[in-house]
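Heads up: the protein sequence lines correspond to chains Y and R, in order. Just add 2 to wherever you are in the first sequence, counting from 1, and you've got our numbering. Just add 1428 to wherever you are in the second sequence, counting from 1, and you've got our numbering.
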Amino acid sequence: MSDKTMTPDEVVGRLRSGMTLGIGGWGSRRKPMALVRALLRSEITDLTVIAYGGPDVGLLAAAGRIRRLVAPFATLDSIPLEPHFRAARESGSLTLTEYDEAMFMWGLHAAANRLPFLPVRAGLGSDVMRVNPELRTVTSPYADGEEFVAVPALRMDAALVHLNRADRLGNGQYLGPDPYFDDLFCEAADTAYISCEQIVESAELAKAGPPQSLLVSRHSVTGVVETPNGAHFTSCAPDYDRDEAFQKLYATTPWPEFAARFLSGGSEHAYQSAVRTWHEEQQQ
Amino acid sequence: MSTATATTRAEYCVIACAEAWRDNGEVLASPMGLIPSFGARLAKRTFSPDLLLTDGEALLVGLDGTVEGWLPYRRHLTMVTGGRRHVMMGASQIDRYGNQNISCVGDWERPDRQLLGVRGAPVNTLNNPVSYWIPKHSRRVFVERVDMVSGVGHDRAEAAGVTRFHRLPRVVSDLGVFDFGGPGRTMRLVSLHPGVTVDRVREATGFALALPDEVPFTREPSAHELRLIREVIDPRGLREREVRS
Chain Y
3 MSDKTMTPDE VVGRLRSGMT LGIGGWGSRR KPMALVRALL RSEITDLTVI
53 AYGGPDVGLL AAAGRIRRLV APFATLDSIP LEPHFRAARE SGSLTLTEYD
103 EAMFMWGLHA AANRLPFLPV RAGLGSDVMR VNPELRTVTS PYADGEEFVA
153 VPALRMDAAL VHLNRADRLG NGQYLGPDPY FDDLFCEAAD TAYISCEQIV
203 ESAELAKAGP PQSLLVSRHS VTGVVETPNG AHFTSCAPDY DRDEAFQKLY
253 ATTPWPEFAA RFLSGGSEHA YQSAVRTWHE EQQQ
Chain R
1429 MSTATATTRA EYCVIACAEA WRDNGEVLAS PMGLIPSFGA RLAKRTFSPD
1479 LLLTDGEALL VGLDGTVEGW LPYRRHLTMV TGGRRHVMMG ASQIDRYGNQ
1529 NISCVGDWER PDRQLLGVRG APVNTLNNPV SYWIPKHSRR VFVERVDMVS
1579 GVGHDRAEAA GVTRFHRLPR VVSDLGVFDF GGPGRTMRLV SLHPGVTVDR
1629 VREATGFALA LPDEVPFTRE PSAHELRLIR EVIDPRGLRE REVRS
């Protein structure tokens, strides 16, 4: 069986400008931030991003890489409003497809199941219908005759997710309380890349958690990347919590200044070193 | 003894929020915000013991923190559409029919202020009871027309034919309690928190409120409820920071 391990830059080397990219996690929780940082080091742009948005969306929006965002929200959780997403929206530089959270989930399910749409009792009566005039409805063929939104499949060219553990074959494991929707992202994409805290032997996976923790299966995975602290500064329970102090810095520092200090080092290693140095400074 | 001091405005707000979950039975109470979460805990400790609560993430927990179930986001959405949930959401704007906005202020194409996005407001309002908590009652929040309908109000639900599970039991603000018992299912004043006048509410509301002939005050907490709020649920007094007397 094939070894799918690769580096963050090798993952990004397989992506192209103009692609539709799904990003797993939720808000500021278990986001594949090391892969997003690798994207920022590349020239890739003009992306359509599909995400339950957090700082992944903020970073890509601040760097001008997103053409269209498909999302029900963008938040930093402990800081409710994502500053760079806000700035991009308020300057008109980001086109938004704004869906309800459940519409979004069923769009992922539809794509993972190769269905053109799934019916959802959400969206009707709200302005989600006004701002997405392409949305259509479907009527139940049964006696109830209820009308639903036909949420289109959120099919993607590539998905990026971050998990706690994975093996070299692409079997991925979450060890925190919530899987979020990472398995669906992988199944909804033509290619999917897992970053993880630690690559382990397959036999170690079942020792680290119950069978239900084996969230992503290798048939839906193209590449595996070991990126310790790779969800930083989002949370990655139980390996680590959100780096609240650093997130606050991210949210309050002008983008050019933040990018120059933390994102210009040319590698994930340089980023992690810059973060460590910043934390040391805070302790003095 | 702390219970000897007068009930504060924040404490009336906790009581008013708790009352939203009275007689709800065995459903998930989803409070968003500090005062609603104190209210949900108070309801569960007193008159609605069967309520389910989460730890704010993926676990269903009892009042002492005992884990009794698993509720990751994907299952939470099933709970929403299954209807066995009563959420109390916030609102950046709300209108007389109960349309709510948390998405953005101004023109959606290029908003003056981008807020959260619609989040789960559309699915919530079409599937399970949705109440609202407004910590600062003002004309900026209680508006004639919301800029982006995130949570669906009565007029919009009727026009779209999606009233089957649509229910907006109450709105609680720092000034009073409201429901949608006015003409054409518009917002009506139900009770004033003690110390608040009808004129003050009118002044802070950007549309004409329906008023009953006589407006009662929000009920007094019992001594037991006050003790629970002050000593058990919020001993640090965080409620007083969200709502000032």
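We put the CB at the ideal spot given by N, CA and C, even for glycine.
Taking the alpha-carbon of residue i as reference, which of the options has the nearest alpha-carbon?
i, options, result
"residue 1596 of chain R", "R:1575, R:1667, R:1651, R:1549", "R:1549"
"residue 29 of chain Y", "Y:168, Y:180, Y:267", "Y:180"
"residue 2 of chain Y", "Y:72, Y:5, Y:284", "This structure gives no information on residue 2 of chain Y, because the portion of chain Y shown stretches from 3 to 286."
"residue 1578 of chain R", "Y:164, Y:140, Y:124, Y:148", "Y:124"
"residue 61 of chain Y", "Y:38, Y:49, Y:53, Y:282", "Y:38"
"residue 43 of chain Y", "Y:278, Y:92, Y:273, Y:284", "Y:273"
"residue 1507 of chain R", "R:1525, R:1456, R:1520, R:1447", "R:1456"
"residue 74 of chain Y", "Y:84, Y:231, Y:161, Y:271", "Y:84"
"residue 232 of chain Y", "Y:191, Y:31, Y:20", "Y:31"
"residue 1489 of chain R", "R:1627, R:1458, R:1590, R:1438", "R:1458"
"residue 159 of chain Y", "Y:193, Y:185, Y:68", "Y:193"
"residue 253 of chain Y", "Y:40, Y:94, Y:172, Y:89", "Y:89"
"residue 248 of chain Y", "Y:264, Y:110, Y:239", "Y:264"
"residue 1667 of chain R", "R:1519, R:1569, R:1461", "R:1461"
"residue 48 of chain Y", "Y:63, Y:36, Y:56", "Y:63"
"residue 1505 of chain R", "Y:144, Y:65, Y:182", "Y:182"
Would you give the residue range spanned by the beta strand (DSSP E) that residue i belongs to?
i, result
"residue 198 of chain Y", "191 to 201"
"residue 53 of chain Y", "49 to 53"
"residue 1487 of chain R", "1487 to 1489"
"residue 1510 of chain R", "Premise fails: residue 1510 of chain R lies in the alpha helix (DSSP H), 1501 to 1510, not in any beta strand (DSSP E)."
"residue 22 of chain Y", "22 to 25"
"residue 1514 of chain R", "1513 to 1517"
"residue 234 of chain Y", "Careful: residue 234 of chain Y lies outside any beta strand (DSSP E) and carries neither H nor E."
"residue 177 of chain Y", "Taken as a continuous stretch (DSSP letters only), residue 177 of chain Y belongs to no beta strand (DSSP E), as it is neither H nor E."
"residue 167 of chain Y", "158 to 168"
So which residues of chain Y does residue i contact, with C-beta pairs closer than 7 Å?
i, result
"residue 1577 of chain R", "128, 129"
"residue 1550 of chain R", "102, 124, 125, 128, 130"
"residue 1462 of chain R", "Under the 7 Å cutoff, chain Y gives no residues; its nearest Cβ is about 13 Å from residue 1462 of chain R."
Terminal residues of the continuous alpha helix (DSSP H) containing residue i?
i, result
"residue 1668 of chain R", "1667 to 1670"
"residue 1565 of chain R", "First-last for residue 1565 of chain R: undefined, no H or E at that position."
"residue 15 of chain Y", "10 to 15"
"residue 35 of chain Y", "35 to 43"
"residue 1659 of chain R", "Careful: residue 1659 of chain R lies outside any alpha helix (DSSP H) and carries neither H nor E."
"residue 267 of chain Y", "Taken as a continuous stretch (DSSP letters only), residue 267 of chain Y belongs to no alpha helix (DSSP H), as it is neither H nor E."
"residue 1645 of chain R", "First-last for residue 1645 of chain R: undefined, no H or E at that position."
"residue 60 of chain Y", "57 to 64"
Mind pulling the chain Y residues with CB within less than 9 Å of residue i?
i, result
"residue 1538 of chain R", "91, 92, 93, 94"
"residue 1519 of chain R", "The contacting residues do not exist; residue 1519 of chain R stays about 14 Å from chain Y at best."
"residue 1455 of chain R", "Those do not exist, as residue 1455 of chain R stays about 18 Å from chain Y at its closest Cβ, beyond 9 Å."
Would you say residue i faces chain Y, with C-beta separation under 8 Å as the test?
i, result
"residue 1487 of chain R", "yes"
"residue 1437 of chain R", "no"
"residue 1500 of chain R", "yes"
"residue 1547 of chain R", "yes"
"residue 1508 of chain R", "yes"
"residue 1542 of chain R", "yes"
"residue 1580 of chain R", "yes"
"residue 1556 of chain R", "no"
"residue 1430 of chain R", "Summary for residue 1430 of chain R: the model assigns pLDDT 49, below 50, so the residue's position carries little reliability; its value from the coordinates is reported in the next sentence. It does not; no Cβ of chain Y falls within 8 Å."
"residue 1584 of chain R", "yes"
"residue 1666 of chain R", "no"
"residue 1589 of chain R", "yes"
"residue 1650 of chain R", "no"
"residue 1505 of chain R", "yes"
Spell out whether any CB of chain R is found under 8 Å from the CB atom of residue i.
i, result
"residue 213 of chain Y", "no"
"residue 182 of chain Y", "yes"
"residue 257 of chain Y", "no"
"residue 143 of chain Y", "no"
"residue 280 of chain Y", "no"
"residue 119 of chain Y", "no"
"residue 240 of chain Y", "no"
Just to make sure I have the definition right: I need the residues of chain R whose C-beta is within less than 7 Å of the C-beta of residue i. Which are they?
i, result
"residue 218 of chain Y", "Result: empty, since nearest Cβ-Cβ is about 14 Å, beyond 7 Å."
"residue 107 of chain Y", "1502, 1505"
"residue 149 of chain Y", "1589"
"residue 133 of chain Y", "1536"
Any heavy atom of the ligand SAM closer than 7 Å to the CB of residue i?
i, result
"residue 1546 of chain R", "As presented, the structure is devoid of all ligands, the ligand SAM included, so that no description of it is given."
Show which residues of chain Y have a CB atom less than 8 Å away from the CB atom of residue i.
i, result
"residue 1531 of chain R", "100, 129"
List, in order along the chain, the chain R residues whose C-beta lies closer than 8 Å to that of residue i?
i, result
"residue 87 of chain Y", "1542"
Going along chain R in order, which residues have a C-beta closer than 9 Å to the C-beta of residue i?
i, result
"residue 179 of chain Y", "1483, 1485, 1486, 1487, 1498, 1500"
* Whole alpha helix (DSSP H) elements within the segment 93 to 138 of chain Y, 4-residue minimum -> 103 to 114, 130 to 133
* Asked: For the segment 55 to 85 of chain Y, which residues have a CB atom closer than 9 Å to at least one CB atom of chain A, in sequence order?
  -> The chain labelled as chain A is not found among the protein chains of the depicted structure, namely Y and R.
* Contained alpha helix (DSSP H) runs [length at least 4] in the segment 1577 to 1635 of chain R, N- to C-terminal order -> 1582 to 1588, 1626 to 1631
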